[in-house]
Amino acid sequence: MGAASVTPKVTSRAFFDVSIGGKETGRIIFGLYGEHVPKTVANFETMCKCDKGPPLCYKGSPFHRIIPGFMVQGGDTTRGDGTGGVSIYGGRFEDEQSLGEVNAYSLA
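Reminder that position 75 of the sequence shown reads as 75 in full-length UniProt numbering, one-by-one numbering, no gaps.
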């Protein structure tokens with residue numbers, strides 16, 4: 001049986017300013033659920049702020065996989081191709097509780 005669907009409270013927001021070929025194209029704003037997935041949010045916020053320096057910084061890292069009309073993937077700050085990555089915890093960390101059903105515009 002799958003996890004029950006919940007509606008968590010947005011506790012903070014983070015953003016990416018996106019550019020293509022050096023030209024600014026827009027901003028993606030993320031609502032983060034700090035009470036529901038605190039370790040994940042702490043990692044994401046730190047990587048967005050870039051105050052720990054490379055490689056703990058999303059700035060300048062590419063969306064390495066783009067499927068038009070479906071999704072984008074990014075976040076590999078070490079190799080830029082989806083095969084690497086780091087976290088503020090030193091590497092991979094255990095998944096936190098599921099939000100249940102994932103909808104359009106979800107961050108996973």
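Every residue gets a Cβ at the ideal spot worked out from N, C-alpha and C, and that includes glycine.
| message | For P62 and G53, which I take to be in contact (beta-carbon distance under 8 Å), what is that distance rounded to the nearest angstrom? | response | P62 to G53, Cβ: 18 Å. No contact.
| Can you list, in chain order, the stretches of the beta strand (DSSP E) that have 3 or more residues and sit fully within the region 39 to 84? | Counting only runs of 3 or more, we get 63 to 67, 71 to 74.
| Does the Cβ of Y33 have 16 or more other Cβ atoms within 10 Å, making it buried, or fewer, making it exposed? | buried
| contact_flag[the region 64 to 71, the region 84 to 91] where n(CB pairs < 8 Å) is 3 or more | no
| field | Proximity of R13 and G31 at Cβ, strictly below 7 Å | value | yes
| request: Compare the Cα-Cα distances from I29 to each of P8, C48, S98, G91 and report the closest residue. | output: C48
| request: Tell me whether D17 sits in a helix, a strand or coil according to DSSP, three-state version. | output: strand
| request: Classify F93 as buried or exposed, calling it buried when 16 or more other Cβ atoms lie within 10 Å of its own Cβ. | output: exposed
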